[in-house]
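S.K.: Residue numbers (our numbering): 60 to 450.
1. Going by DSSP in three states, residue 420 sits in which element: helix, strand or coil?
2. Going by CA-CA distance only, name the one from 188, 126, 112 and 241 that's closest to residue 164.
3. Of the choices 328, 307 and 377, whose alpha-carbon is the least far from that of residue 297?
4. For the putative contact between residue 150 and residue 125, defined by C-beta atoms under 8 Å, what is the C-beta separation to the nearest angstrom?
5. Compute the Euclidean distance between the alpha carbons of residue 185 and residue 215, then round it to the nearest angstrom.
6. Please state whether DSSP places residue 303 in a helix, a strand or coil.
7. Please classify residue 190: is it buried, with 16 or more other beta-carbons within 10 angstroms of its beta-carbon, or exposed?
8. Using the Cα positions of residue 331 and residue 320, report the straight-line distance between them to the nearest angstrom.
9. From this set, 436, 444 and 449, which residue's C-alpha is nearest residue 102's C-alpha?
10. Quick one: what does DSSP say residue 401 is sitting in, helix, strand or coil?
11. Does residue 385 come out as helix, strand or coil in the three-state DSSP assignment?
12. Which residue wins for smallest C-alpha separation from residue 275, given the options 249, 258 and 344?
13. By Cβ distance, which residues of its chain are closer than 6 Å to residue 100, with the 5 residues on each side in sequence left out?
14. Let's see if you can read the secondary structure: which residues bound the beta strand (DSSP E) around residue 163?
15. Please identify the residue among 305, 246, 127 and 176 whose C-alpha is closest to the C-alpha of residue 205.
16. So for residue 247, helix, strand or coil by DSSP?
17. Can you grab the Cα-Cα spacing for the pair residue 428 / residue 333, in whole Å?
18. Is the beta carbon of residue 358 sitting closer than 7 Å to the one on residue 424?
19. Considering only C-alpha positions, which residue in the set 161, 168 and 160 is nearest to residue 137?
20. According to DSSP, is residue 374 part of a helix, a strand, or is it coil?
21. By alpha-carbon positions, which one of 406, 325, 117 and 257 ends up nearest to residue 134?
22. In or out: residue 342 buried (at least 16 other Cβ within 10 Å) or exposed?
23. With 16 as the cutoff for other CB atoms within 10 Å, does residue 280 come out buried or exposed?
24. Rounding to the nearest angstrom, what Cα-Cα distance links residue 308 and residue 227 in this structure?
25. Rounded to whole angstroms, what is the Cα-Cα separation between residue 317 and residue 155?
26. In terms of alpha-carbon separation, which member of 273, 246, 90 and 253 lies closest to residue 201?
27. Using only CA atoms, which one of 113, 197 and 128 lies nearest to residue 142?
28. Can you name the start and end residues of the beta strand (DSSP E) that residue 118 belongs to?
29. I need the DSSP call for residue 242, collapsed to helix, strand or coil.
30. Which value, in whole angstroms, describes the spacing of the CA atoms of residue 304 and residue 401?
31. Taking the continuous beta strand (DSSP E) assigned at residue 355, which residues delimit it?
32. Might you give, ordered along the chain, the residues of its own chain that have their beta carbon closer than 6 Å to the beta carbon of residue 84, omitting 5 neighbours on each side?
33. According to the Cβ coordinates, are residue 259 and residue 210 closer than 7 Å?
34. Going by the beta-carbon positions, is the gap between residue 384 and residue 366 smaller than 7 Å?
35. Under 7 Å between the Cβ atoms of residue 431 and residue 445?
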């Protein structure tokens with residue numbers, strides 16, 4: 060006799076399979092949205108970019124860069140990372156287009172790089188030529204070598220034309236159940252890239268106006284420090300500020316407003332807990348010389364990505380912040396009431412039960428998300444979804 064749980068699981072799987080083939084209309088505050096599957100059958104998609112109105116590029120965790128053209132996912136990757144995934148190391152993380160992509164066709168990717176000291180993050184760029192990424196060359200390798208732990212790797216061009224790169228704190232406490240803070244404390248030291256946001260020129264070189272260029276012993280690429288696992292970057296269109304989302308351990312997820320040379324506290328300031336249940340810090344809110352987050356979450360939502368929405372397709376959402384959540388399987392819309400900047404948060408896409416890996420605004424003004432069903436496993440159940448108005 061089939062149990063009630065088994066029946067429910069069967070029904071849920073059937074519903075998800077059906078959704079993968081057709082659009083779904085969902086209620087939101089003030090109206091309805093239509094969620095349209097653009098592509099299915101992806102292996103843990105991580106990052107999206109739009110070379111033109113017909114084309115989407117998608118990174119997969121196993122190292123493949125895929126192309127969707129006119130709603131069709133090409134069978135073969137347009138490029139494959141030099142890093143073979145395995146032993147806790149992924150093959151490929153994020154991508155971004157050069158600000159002048161229409162003229163130079165340059166695509167940037169980030170991926171783990173193996174070496175004698177473990178692994179670190181590398182950034183490369185290549186030229187999109189038809190259905191291939193060609194002439195791919197590494198332009199930067201981070202000094203963040205460890206045998207495991209948070210690596211991050213979000214790459215993003217700021218309004219100043221500089222390339223921003225997030226580096227994780229390489230924390231292995233998520234896996235070994237320990238509480239040794241020595242590795243985490245590298246995020247507080249300026250002689251390495253661990254737990255930092257970096258600022259590079261488009262060719263990977265150091266901009267001369269970086270905040271620590273003149274400081275002896277400091278890595279000149281560092282823009283901000285004291286981070287755990289920064290997964291998203293976005294410019295606030297109303298203020299020009301660079302915002303970042305950061306995954307904490309058990310709680311302590313943050314959205315920060317990045318200022319050059321500033322310290323964001325990890326691990327000396329955090330509202331999160333270690334995976335043993337103990338507090339990360341005895342100072343959860345404040346230490347002198349360290350910036351507080353603009354937003355935070357307890358319990359954890361694992362924020363994967365952020366955008367500020369700027370199109371008129373959803374006029375009521377203009378200038379709202381959108382945050383992708385992995386553990387809560389939702390897209391969070393945040394409206395800021397003027398002039399107090401008080402927040403109003405609305406969870407979206409909850410019935411889909413999909414981990415939101417990336418959120419982007421497409422050239423058509425709609426919102427696109429890359430999703431996966433689970434973090435682990437080899438299922439090719441990842442999707443790219445488009446969010447449209449339905450009323």
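Virtual Cβ for every residue (Gly too), placed ideally from N, Cα, C. Being a predicted model, the structure only gives us computed values, none of them experimental.
M.R.: Taking the coordinates as given:
1. For the purposes of this step, residue 420 is taken as residue 361 along the chain shown, with counting starting at 1. For residue 420, the three-state secondary structure derived from DSSP is strand.
2. Residue numbering aside, residue 164 sits at position 105 when the chain shown is read from its first letter. The option with the nearest alpha carbon to residue 164 is 188.
3. The residue given as residue 297 occupies position 238 in the chain shown. Relative to residue 297, the option among 328, 307 and 377 whose CA is nearest is 377.
4. Reading the chain shown from its first residue, position 91 is the one you call residue 150. Reading the chain shown from its first residue, position 66 is the one you call residue 125. Under the criterion of beta carbons closer than 8 Å, residue 150 and residue 125 do not qualify as touching, at roughly 12 Å.
5. Here residue 185 refers to the residue found at position 126 when the chain shown is read from its first residue. Here residue 215 refers to the residue found at position 156 when the chain shown is read from its first residue. C-alpha of residue 185 to C-alpha of residue 215: approximately 16 Å in a straight line.
6. Along the chain shown, one-based indexing puts residue 303 at 244. The three-state reading of DSSP puts residue 303 in strand, counting E and B together.
7. Against the chain shown, residue 190 aligns to sequence position 131. Exposed, by the Cβ-count rule.
8. Within the chain shown, the letter at position 272 stands for residue 331. Within the chain shown, the letter at position 261 stands for residue 320. Rounded to the nearest angstrom, the two C-alpha atoms are 24 Å apart.
9. Indexing the chain shown from 1 puts residue 102 at position 43. Closest in alpha carbon position to residue 102, among 436, 444 and 449, is 436.
10. Translated into positions along the chain shown, residue 401 becomes position 342. Strand at residue 401.
11. Here the question's residue 385 lines up with position 326 in the chain shown. If DSSP states are grouped into helix, strand and coil, residue 385 belongs with coil.
12. Numbered from its first residue, the chain shown carries residue 275 at position 216. The shortest C-alpha separation from residue 275 is found at 249.
13. Start at 1 with the first residue of the chain shown, and residue 100 comes out as number 41. Correct list, in chain order: 439.
14. Translated into the one-based positions of the chain shown, residue 163 becomes position 104. First-last for residue 163: 160-163, but that is the alpha helix (DSSP H), not the beta strand (DSSP E).
15. For the purposes of this step, residue 205 is taken as the residue at position 146 of the chain shown. Selected option, being the one with the closest Cα: 176.
16. Numbered from its first residue, the chain shown carries residue 247 at position 188. Correct three-state label for residue 247: helix.
17. Walking along the chain shown from the start, residue 428 turns up at place 369. Walking along the chain shown from the start, residue 333 turns up at place 274. C-alpha separation (whole angstroms): 30 Å.
18. Your numbering for residue 358 matches position 299 in the chain shown. Your numbering for residue 424 matches position 365 in the chain shown. No, the Cβ-Cβ distance between residue 358 and residue 424 is not below 7 Å.
19. Taking the first residue of the chain shown as position 1, residue 137 is located at position 78. Of 161, 168 and 160, the smallest CA-CA separation from residue 137 is found for 168.
20. Here residue 374 refers to the residue found at position 315 of the chain shown. Residue 374: helix per DSSP, three-state reduction.
21. If you number the chain shown from 1, residue 134 lands on position 75. From the listed residues 406, 325, 117 and 257, the smallest Cα separation to residue 134 is found for 117.
22. Sequence index remark: in the chain shown, residue 342 carries index 283 (1-based). Flag for residue 342 reads exposed.
23. On the chain shown, residue 280 is found 221 positions in, with the first residue counted as 1. Buried: at least 16 other Cβ atoms inside 10 Å.
24. Your numbering for residue 308 matches position 249 in the chain shown. Your numbering for residue 227 matches position 168 in the chain shown. Roughly 12 Å separates the two Cα atoms.
25. Start at 1 with the first residue of the chain shown, and residue 317 comes out as number 258. Start at 1 with the first residue of the chain shown, and residue 155 comes out as number 96. Rounded to whole angstroms, residue 317 to residue 155 spans 19 Å at the Cα level.
26. As a first step, residue 201 is located in the chain shown; it is residue number 142 there, counting from the start. Its Cα nearest to that of residue 201, the residue 253 stands out among 273, 246, 90 and 253.
27. For the purposes of this step, residue 142 is taken as residue 83 along the chain shown, with counting starting at 1. For the options 113, 197 and 128, the alpha carbon positioned closest to that of residue 142 is the one of 197.
28. To locate residue 118, count along the chain shown from 1; it is residue 59. Element bounds for residue 118: 114-119.
29. Position 183 of the chain shown holds residue 242. Under the three-state reduction of DSSP, residue 242 is assigned to coil, being neither helix nor strand.
30. Here the question's residue 304 lines up with position 245 in the chain shown. Here the question's residue 401 lines up with position 342 in the chain shown. Spanning the two alpha carbons is a distance of roughly 18 Å.
31. In the chain shown, residue 355 corresponds to position 296, counting from 1. Judged by DSSP secondary structure, residue 355 falls within the beta strand (DSSP E) whose first and last residues are 354-356.
32. On the chain shown, position 25 is the one that residue 84 refers to. Once the five neighbours on either side are set aside, the close Cβ partners of residue 84 are 91, 93 and 449.
33. What you label residue 259 is simply residue 200 of the chain shown in a count that begins at 1. What you label residue 210 is simply residue 151 of the chain shown in a count that begins at 1. Contact: no.
34. Sequence index remark: in the chain shown, residue 384 carries index 325 (1-based). Sequence index remark: in the chain shown, residue 366 carries index 307 (1-based). Their beta carbons are not under 7 Å apart, which means residue 384 does not touch residue 366 by this criterion.
35. Locating residue 431 in the chain shown gives position 372, where the first residue counts as 1. Locating residue 445 in the chain shown gives position 386, where the first residue counts as 1. Not closer than 7 Å, so no.
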